[in-house]
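Trainee:
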Amino acid sequence: MRDGVLIVLPAGIPWVLAALLAFVDGRKRWVGLVGAAGLAASLASLVWLTLVVLREGTVETVAGGWPEGVGISLRADALGVTFAAVSVTVILASMLYEVALGVRWRAFPPLVLLVAAGLTGLFLTGDAFNFYVFFEISMTASFVLAGYREEDYQVRAAFIFAVVNLLGSVVFLIGIAALYSITGSLDMATIASRTDSLDPRSVIVVAAVIFAAFCLKLGLFPFHFWLPAVYVGSHPPVAAILSGALANIGGYGLLRFGGGILPRELAYGSAAVMVLGTASIVYGALQAISRRDTSEVMAYSAIGQVGYILLALGVGGPLGFTAAVLYSVVNSLNKGVVFLAAGLRGPFVGAAFAVGAFSIAGVPPAAGFVGKIAVFKAAIAEDSAVTVALLVVLIFVGSALSFLYSFQVYQRRFLAPREGEKPGPLAARLVVLSLAGLLLALGLWPEPLIYLSGAAAEVLTGAGG
Amino acid sequence: MLLPLALALMAAPAAALFGVARPAVAGPAGAAFAALAFGATLWGWLSGGGAVDVAWAPSWDLRLHLELDGLAALYALLATGVGFVVLVYSSRYLPLHLEHGGRPDSDGTSFYFFILLFMGSMVGLAMAQDLVLIFVFWDLTAIASYYLIGFDRHDAGSRASALMALLVTGITAVLLLIGALLLYAAHGTFSVPELAGLVGPGPLLNTAGGLIAVAGLAKSAQVPLHFWLPRAMAAPTPVSAYLHSAAMVAAGVLLIGRVYPLLLKSEFLLDALLVVGILSMAVGGVLALTRDVLKQLLAYSTIAQYGLVVTMYGLGGPYGAGGAAFYVIAHAIAKSALFLTAGTVTEATGENRLSRLGGLRKPMPLLAVASGLAAATLTALPLTVGFFADEFFFAAALERGPLFVVITVVAAATTLAYTWRFWAGLFLGERGAAPREVSWLLVWPVAALGAIGLIGGFLTGPFEGLAEAAGRASFGGSTPLDASYHAEVLPEYLMALGAYVLGAVLIVSRPVWSPAALGASRLGKAAGPERLYRMVVHGLNVVSDGVHRLEIQNLRGRISFVLVPTAVLVGASVLATPIGGVYRVGGFRADDAPLMLAMLAVAVASVTTAFVRRHVTLALVLSGSGFVLAVVYAFYGAPNVVLVAVLVETMLTLLLISTLRLIPYRILHRQARLPSPGLARKVFVSVAAGAFAFVVVWGALSQPPAGSSVAEEHIRLTPDAHAKNVVTATLADFRGLDTLGEITVVSLVLLGVGTLIGTSPAKEATGVHQPASRGVTRGIARLLYLPTFVIAAAVLVKGFVQTGDGFSAGVIAALGIVLRYMAFGHEATRGIPAVRHAAAVSFAGLLVTLGVAAAPLLLGEPVLTHFPRAGTEPLHIGTIEVMTAVLFDFGIFLLVFGFAVGLVSYFARSISQREAADPETLPREGEA
Amino acid sequence: MAVYAALVVAVVFASGTFLLLQRDLTRVVVGIILVSNSAVLFIISAGLTRGAAPILPLEDEGASDPLVQAMALTALVIGFGVAALLLAMVYRLYATHGTIDLEEIAAAEMREAEALERTDDPEREEIPVEEQDPGDGPR
């Protein structure tokens, strides 16, 4: 029974808390702090859940106590808890940051909590349609959040964000309905086992639209055109939530649906996946180089960085999936750090951004290098020597470009002394610094990260054959 | 065993802490740590070295494998020893440097932090035996050097130099990583000693070893990746001294020495080292002969001298590996002394060019002698430790043949020539700029280094022992070095003599070759690798600007780039898989005709929206299509969906009309008449979108399901949920979690709309003429007010048996309020409690449902378990069954009611504000 | 029937996307609504059985697939919610930009982007300037 409670807590705590905090004025500091405490509790329960999952295997419960498949299964495995934990971490940091800066909206805390509830829910559900519903919770909350602070460009960005992503959601919904239509089930595990017996020709088309929908969420070239406007326009903590937490839907979705549910179709399309990843890496990095604004550089960087996840996904297998998970985690934290740092001035901020920049460039001891090792390992594991060479060169070139854009903007924005800038609130700076500290810690002792990613990959390779 | 490393790594944070407390203490504290670390290293080495090997990341076989072998001891002693001297020097130099820059003393703390981090990572790098661990320390030195080179952060040139150093050494470091991973993939270990036993010659070794060597060569500033080093002189002088002698650049040859057991298995790699080393000697030597700026001269000399070390590794044999180690020691001592000399001279005179300096031997005698000793060491004059360094170089060359003999002699002669230029230019000749008094702290460190160079000329034992041990670690076998003077005439002595003579000739014949050397220098500037670097960086920025112009920045493009790539993906997957047999037309039944007709109407209405100009018509067409859809749902046997669809369509039409009313008519009117270019493109995109939707949907509908639908289970289990309507049971019970999520989205929307348009501080419009509605409307509104609630209640309660649910009930109840709005206007309606507290009602509803969902957890049941459980008859109060599922539905009702009322009130309030502010908004009769 | 339903869904979807490509904000929202409608229509038609309303007791002819109905309801309500949110955004956009024309709004975006490019010094300091040292002075 412990499991039944434990699996509900990560999403349940922020969910209930959001409903409660909707009654009060979120601009009051204590409200924000209570919200942050709720997120921290959710994170704590996730850590506990992770330990249970690693020790005892997948934790499962069926809502309503119905037989599996009839009721909605909640299923926590290493893949889900990993993504949930990193997402909630970034959201927690963003929440604390904004509380330190001073919340401007009554509804800010509940909105952020609902993003967290939606995300953890979708990472922990074992039901395809339920995934869509949780996905809509976090998306809808994010649509509103994108307009936070209500500057002209923010409302505009929110509208663009909402319209483009709603279109993506509909495409995804069509995919889910199609999956039901061809398998007669909504339970992910059942779908996975039933698609195996189907003619791959009828599944691959469905896989293609689901793939497209997740690429859109991830902000992958050429589905990314909505992304720069939204990430640049959003208030820094919101940008951090969008790029560091919400974008994980894409990475997780690709892994869960591609690696777990439709592995045969993923293998079939691996070339296309890798081509898209390549395009994204090159395009994002090239765009990022000469952008002036820090957030803009990092927005394009985000497009480039997710390319590596696709590359790893295309390689597949234990090494590829491990790399994809690991890179997603590191990328989330990187983006959290750099977007939060981009909005501040004063001591520690430059240091935190530098840690993020080093991490993006894959320079130890920031954790980014672990991700880079993972993708290199995956690339080297490919069969043909030509593919290995191509992939390695590509990753190398991508990382060389990331050096250039990260440090060009770092020097311009942080290293060069600027006169007359008022430092931001100390608490906010400490939040950014702590997140950067986490990046360093994960780089200095990468084993937990590697182990967890490996376990997550095992979920997929074990389930998908 | 870990003591040296621990001390070295602790030094940086410790100094930073001291520095934060009192800036002046940071330097001395750092120096003390350096001295301690030096002592610990020496002690550790003398007591037999030692090793630590613990798991770091076992999943990937990463190990914290550190060993204080000969090579490690050598470089660790250099890093801490030279580090100590440099820190002592800095404790005087840095305050002056900061003063010149007009910066506070506290800026010095970061200097000490990074220079000590540099030291710590060098010690770590020296001891690391695991390739990934090496990579970590390797990049740590890059980070430290980045901040030190860019220490004068206000200076753009300084920042540019820092970036250049980081890019060159950081990017090439990735090659080291790739090499390591290639080796790991083949042999399953990152440990250098283990790999040495496993790797055989072949393409893998050539590739992996070559990549690692490139990283090492770039860090050692070897041609063609040498250009960052002269730029790095932007750093404060003590940093340059450290960087050139014992840290950064030394790290490069340290790496080569560390992986030498692998490299020497490949002739190809050794030859490549030779070529690079000789080229670097040539380029560095020639350019050092042409430079006028002191630190630049020294920088090019460093390139040449490390070229010499690399050449020695390339020459191979015991003299190669052992001699290279010996040379590194001699060079470190001499080069750091010369850099510090340059710093002191510049500090004393304010000049940094040879052409403006000279004759300093009189005012600065001690410095002249001390740096003379260092120069003698560098040029390998007898009685200095440098003499033996060159002996080994010659000995290694002798083993390889006459060509190499010539090359080494020329190289040694060049060294003599430019070192002489440096020393003689400063201390001999006519008086240049006059010096000020300088602190003893800026002279004595040089004197100490010079003295060590001299002592080493007699007391060769320790140097010899250390270099031999280092050579052993690199070479794998013993590398006996004999650093003693011999009475007979060795060939090496003849070579040395030749080098001195040739050097003297070079010095004397300067006017003869000077134009040629300058020409080479200009050529290098015009077409050298630095030029290439600049072009690449600049070019990438230009390309980036160019690509950015292609970036799509309008919504239409953004949407197209979702649809078209999706269509392409779907198309590709259709093309890649022959579709024959997968798609079926599907049978038509006679009684499908009404359904098909209704669907046709939906399609027609949808298409019509594309042709409608006026906004109101658009809204009407849309709602028309929505209502026909409801009919379609009815034919599909889905009464619940029909009910909700009708209600949703009603609300949506209402909101759409409200929005249109919020926007002045003239804006709408103008908008409707704006041209709409690019029709062909739009049609193309939407046809593509329709096509992929068609393919996916048809494919899904054609495919018979792979198994029996879970819906059959739902029908079977509905009685267990105490319900008759399977859909309602599904919504409230089987898939209650979906419903919970769905209504959460709904309450979120309320939150969002309230935030976006509900909280504007604008005053409430009062006393404004409200659009008059006819008495009939008011009457109907009054009449229907109560009945709507009754109907809502009925829908709610009957849901489990017949068609109905909390959602519909909520909307129906809200419609009563909506009707009041329409009849009496915002003013008269906003006072109703349900309106004032709509949001609260809504969230209370959410809490109720969440409570119902969570309560079972307290009883040890799964989340969302409803009571009473299957098999237990629920309590009846009249026709109402007492069940938690009903309570759940009641929560939904509250939520949706609050939502709908709140939503309408937000829009209504905005309308009333707009009308107060801008009477033009009012639709004129007949126009709208 | 399969091909007919697919065709209708595709036509509704395509009409929606055509509106999404228009320059008028309100049309864009209508486009989203249509696109959502097409998804709901597909969900309903993806039911694995067709028959009477799934209300117990069932008659012999069998009931329509209740699961797709539940899914359709959920999707319908979510679609409605976000459409309402979009309408509020449209009003906000109008209130701040004074227009509901996307071209004009995009023009504002471009102006801001250009201003951003201009405010920061276009000089790219990261590229080292030409070397100042002229080589050796004649001595």
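Residue numbers (our numbering), protein chains in the order written: chain A, 7 to 471; chain B, 355 to 1282; chain C, 18 to 156.
Even glycine gets a Cβ: it sits at the ideal position worked out from N, Cα and C.
Using 8 Å as the threshold, is the C-beta distance between Q907 of chain B and A123 of chain C below it?
Mentor: In contact: Q907 of chain B and A123 of chain C (Cβ atoms closer than 8 Å).
Trainee: When you compare only the Cα positions, how much space is there between G430 of chain A and H230 of chain A?
Mentor: Approximately 31 Å between the Cα atoms of the pair.
Trainee: In chain order, what residues of the region 322-350 of chain A put their CB closer than 7 Å to some CB of chain C?
Mentor: Under the 7 Å Cβ criterion, the region 322-350 of chain A contributes no residue.
Trainee: Under three-state DSSP, which class holds A964 of chain B?
Mentor: DSSP places A964 of chain B in coil when its eight states are reduced to three.
Trainee: When the Cα of V522 of chain B is compared with those of A:S390, A:V30, A:E453, A:S405, which residue comes out closest?
Mentor: Comparing Cα positions, the closest option is A:S405.
Trainee: What residues of chain C sit near K1078 of chain B, judged by a beta carbon separation below 7 Å?
Mentor: In chain order: I72, L73.
Trainee: Check for me: the alpha helix (DSSP H) holding I1234 of chain B runs from which residue to which?
Mentor: Where I1234 of chain B is concerned, there is no enclosing alpha helix (DSSP H), although the beta strand (DSSP E) it sits in stretches over 1234-1236.
Trainee: Per DSSP, which one or two residues make a beta bridge with E421 of chain B?
Mentor: According to DSSP, E421 of chain B bridges with B:A405.
Trainee: Helix, strand or coil: how does DSSP classify I410 of chain B here?
Mentor: Checking the sequence, you will find Trp at residue 410 of chain B rather than Ile. W410 of chain B falls in the strand class under three-state DSSP.
Trainee: Excluding sequence positions up to five away, which residues of its chain have a Cβ less than 6 Å from the Cβ of L471 of chain B?
Mentor: Same-chain partners within the cutoff: A366, A498.
Trainee: Consider the Cβ of F420 of chain A: report whether some Cβ of chain C lies at a distance smaller than 8 Å.
Mentor: By this cut-off, F420 of chain A is not an interface position.
Trainee: Between the C-alpha atoms of V728 of chain B and A802 of chain B, what's the straight-line distance to the nearest angstrom?
Mentor: Note on identity: in this sequence residue 728 of chain B is Ala, with Val being the wrong assignment. Rounded to whole angstroms, A728 of chain B to A802 of chain B spans 10 Å at the Cα level.
Trainee: The alpha helix (DSSP H) that contains E753 of chain B, what's its start and end?
Mentor: 739-754 is the extent of the alpha helix (DSSP H) around E753 of chain B.
Trainee: Whose CA, out of B:V630, B:F680, B:G755, B:L1150, lies closest to the CA of A658 of chain B?
Mentor: For the residues B:V630, B:F680, B:G755, B:L1150, the minimum Cα distance to A658 of chain B belongs to B:V630.
Trainee: Just how far apart, CA to CA, sit G424 of chain B and G811 of chain B?
Mentor: Distance between the alpha carbons of G424 of chain B and G811 of chain B is about 21 Å.
Trainee: Beta-carbon within less than 6 Å of Y314 of chain A's beta-carbon, same chain only, minus the 5 sequence neighbours each way: which residues are those?
Mentor: Same-chain partners within the cutoff: Y333, V381.
Trainee: Does any residue of chain A have a CB that is nearer than 8 Å to the CB of A124 of chain C?
Mentor: Judged by the 8 Å Cβ criterion, A124 of chain C is not in contact with chain A.
Trainee: With 16 as the cutoff for other CB atoms within 10 Å, does A132 of chain C come out buried or exposed?
Mentor: Exposed: under 16 other Cβ atoms inside 10 Å.
Trainee: G310 of chain A and L319 of chain A look like a contact to me (Cβ under 8 Å); what is the Cβ gap, rounded to whole Å?
Mentor: At roughly 16 Å, the Cβ-Cβ gap does not stay under 8 Å, so G310 of chain A and L319 of chain A are not in contact.
Trainee: Can you list, in chain order, the residues of its chain whose CB lies under 7 Å from that of A273 of chain A, leaving out five sequence neighbours each side?
Mentor: Excluding residues within five positions, the ones whose Cβ falls inside 7 Å are G322.
Trainee: Enumerate in chain order the residues of its own chain whose CB-to-CB distance from Y411 of chain A is below 6 Å, with the five nearest sequence positions on each side excluded.
Mentor: Hits under 6 Å: A294, I295, V303.
Trainee: Mind reading off the beta-carbon distance from A69 of chain A to G1090 of chain B? Whole number of angstroms is fine, and I expect it under 8 Å.
Mentor: Contact flag correct, Cβ pair sits at about 7 Å.
Trainee: If we call anything under 8 Å between Cβ atoms a contact, is G1334 of chain B one with F829 of chain B?
Mentor: Because residue 1334 of chain B is not part of the residues shown, which for chain B are 355 to 1282, the question remains open.
Trainee: On the CB-based measure, 16 or more other CB atoms within 10 Å of its CB, does M311 of chain B come out buried or exposed?
Mentor: Lying outside 355 to 1282, the shown extent of chain B, residue 311 of chain B is not represented and no answer is given.
Trainee: Below 6 Å CB to CB, which residues in the same chain sit around S1012 of chain B once its five sequence neighbours on both sides are set aside?
Mentor: The residues are F1261.
Trainee: On the three-state DSSP scale, how would you describe V68 of chain A?
Mentor: V68 of chain A falls in the strand class under three-state DSSP.
Trainee: So, with DSSP's three-state summary, where would you put L1213 of chain B?
Mentor: L1213 of chain B: coil per DSSP, three-state reduction.
Trainee: May I ask you to list the residues that DSSP assigns as paired with H1230 of chain B?
Mentor: B:E1235, per the DSSP bridge assignment.
Trainee: Have a look at Q1124 of chain B and G1179 of chain B and give me their C-alpha separation to the nearest angstrom.
Mentor: Bear in mind that the predicted position of Q1124 of chain B carries a pLDDT of just 49, short of 50, making it unreliable; the figure below should be weighed with that in mind. Taking the straight line joining both Cα atoms gives about 7 Å.
Trainee: Beta-carbon of G174 of chain A versus every beta-carbon of chain C: anything under 8 Å?
Mentor: No - not a single Cβ of chain C is within 8 Å of the one on G174 of chain A.
Trainee: Among the candidates B:M1237, B:W1052, B:S1062, B:S1040, whose CA atom is the shortest distance from the CA of V212 of chain A?
Mentor: The shortest C-alpha separation from V212 of chain A is found at B:W1052.
Trainee: Would you say V109 of chain A and G1106 of chain B are within 8 Å of each other, going by their C-beta atoms?
Mentor: Taking 8 Å as the Cβ cut-off, V109 of chain A and G1106 of chain B do not qualify as a contacting pair.
Trainee: Tell me which residues share the same chain as A25 of chain A and place their Cβ nearer than 6 Å to its Cβ, disregarding the 5 neighbours each side in the sequence.
Mentor: Excluding sequence neighbours, A25 of chain A sits near nothing in its chain.
Trainee: Out of B:T1183, B:V1049, B:A385, point me to the one whose CA is closest to G925 of chain B's CA.
Mentor: Of the listed residues, the one whose Cα sits closest to G925 of chain B is B:V1049.
Trainee: Where does R707 of chain B fall in DSSP's three states?
Mentor: Looking at R707 of chain B - three-state DSSP - the assignment turns out to be strand.
Trainee: Name, going along the chain, the residues of the region 1055-1072 of chain B whose beta-carbon falls closer than 7 Å to a beta-carbon of chain C.
Mentor: Answer set for the region 1055-1072 of chain B: L1055, S1056, P1059, S1063, V1064, A1065, H1068, I1069, T1072.
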